[in-house]
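To start, the structure under review is shown below, and the notes come after it.
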Amino acid sequence: MSSIRISILLDNNTLIDKYYLAEPGFSAFVEIDGKKILFDTGYSDAYLQNAHKMGIDPLDAETVILSHGHLDHTWGLLPLMREMTERDFGLAEGQTPPAKPKLIAHPACFVEKSSKVLRQFGNVVSMVSLKAMFDVHLVKTPLQLTEHVLYLGEIPRVLDFEPAYAIGNTADDPDYLKDDTALAITTGEGLIILTGCSHAGICNIVRYAQELTGETRIRDIIGGFHLLNPSSERLHGTVAFMKSISPTALHACHCTDLRSKVALAGAAPLHEVGCGVVLEYE
40 MSSIRISILL
50 DNNTLIDKYY
60 LAEPGFSAFV
70 EIDGKKILFD
80 TGYSDAYLQN
90 AHKMGIDPLD
100 AETVILSHGH
110 LDHTWGLLPL
120 MREMTERDFG
130 LAEGQTPPAK
140 PKLIAHPACF
150 VEKSSKVLRQ
160 FGNVVSMVSL
170 KAMFDVHLVK
180 TPLQLTEHVL
190 YLGEIPRVLD
200 FEPAYAIGNT
210 ADDPDYLKDD
220 TALAITTGEG
230 LIILTGCSHA
240 GICNIVRYAQ
250 ELTGETRIRD
260 IIGGFHLLNP
270 SSERLHGTVA
280 FMKSISPTAL
290 HACHCTDLRS
300 KVALAGAAPL
310 HEVGCGVVLE
320 YE
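If you're matching positions, the sequence shown starts at 40 in the working numbering and goes up one per residue.
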């Protein structure tokens with residue numbers, strides 16, 4: 040197969056001597072099978088600024104994937120749409136605008152999200168505006184994007200140690216985020232899992248990717264693991280699961296706290312992640 044390149048456009052962290060912008064959010068740019076995929080758009084235009092510094096034009100993406108509908112993964116849609124509009128203003132008279140990129144997400148990604156404290160923390164772009172700029176596909180079921188890239192769709196939650204209420208949520212304030220999804224990339228050395236926040240549980244996500252693809256080997260897991268002050272049961276269960284599948288590498292970032300990273304480092308090779316990191320695979 041052709042080489043795979045995954046560029047981290049946005050994360051909570053920056054790395055020394057790499058002058059990129061960070062914010063609590065996530066975005067990655069995937070180049071594979073001759074295709075370019077933008078996965079999540081962060082909270083602001085920071086990922087766009089970082090992309091341009093890295094020599095990447097997000098407008099080249101044929102497909103935009105939203106892992107779920109939270110603000111730190113979708114509010115960057117607005118500045119992306121502005122860039123698209125400014126590009127079209129620059130077209131010479133008679134030139135045809137580029138084809139609309141596909142935008143793929145779970146249908147619940149665009150359901151309003153609020154809480155007792157936050158009046159709005161979901162997507163803020165109307166469906167009318169999105170459809171004007173993108174070829175929108177709302178998909179609950181798995182979808183093959185390229186020969187080697189599978190959109191997982193809605194993730195079954197089957198593991199007891201990854202309850203629906205996570206990251207500080209309780210049974211009285213559950214985290215039933217059905218729109219949470221991820222990508223599974225097949226390679227000759229196992230799966231690469233690319234996830235945004237893993238509200239469905241990182242182990243549930245990996246287990247489902249293995250089930251759908253028939254591939255049990257895990258080459259890498261990249262993204263937020265949804266481990267912020269997790270319970271001992273959840274953290275121990277996650278570490279035990281990771282030990283059982285023996286991933287070649289882990290790139291845990293975004294919503295993964297230090298205590299969890301230390302624990303994960305005892306289960307598999309854990310690598311540093313930050314804005315501007317480029318991961319390449321053959």
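The beta carbon of each residue, even a glycine, is placed where N, CA and C say it ideally should be.
- Contact check between the segment 129-141 and the segment 97-108: three or more CB pairs, one atom from each, fall below 8 Å, which counts as touching.
- Counting along the chain, the unbroken beta strand (DSSP E) around D259 starts and ends at I257 to G263.
- Between G263 and F78, the C-beta spacing is not below 9 Å.
- T226: member of the beta strand (DSSP E) spanning A221 to T226, first to last residue.
- Counting every other CB atom within 10 Å of its CB across the protein chains shown gives Y82 a total of 16 or more, marking it as buried.
- One alpha carbon belongs to R44, the other to V317, and they sit about 7 Å apart.
- Cβ contact annotation for M166 (same chain, cutoff 8 Å, sequence separation greater than five): F149 and V175, in chain order.
- Secondary-structure assignment with DSSP links T234 through a beta bridge to A221 and G262.
- Taking every protein chain shown into account, the CB of R273 has 16 or more other CB atoms within 10 angstroms, so this residue is buried.
- V103 sits away from K74, with the two beta carbons spaced by 9 Å or more.
- In the DSSP annotation of this structure, I55 is not part of any beta strand (DSSP E), being labelled neither H nor E.
- Residue range S66 to I71 is occupied by the beta strand (DSSP E) that includes S66.
- In this model, S106 and D219 are separated by some 6 Å (Cα to Cα).
- By the neighbour-count criterion, in which a residue is buried when 16 or more other Cβ atoms sit within 10 angstroms of its Cβ, K152 is buried.
- Judged by DSSP in its simplified three-state form, A144 adopts strand.
- Residue state for K92 is assigned as helix, using DSSP reduced to three classes.
- Beyond the five residues adjoining it in sequence on each side, N162 comes within less than 6 Å, by CB distance, of G108, T113 and F149 in the same chain, given in chain order.
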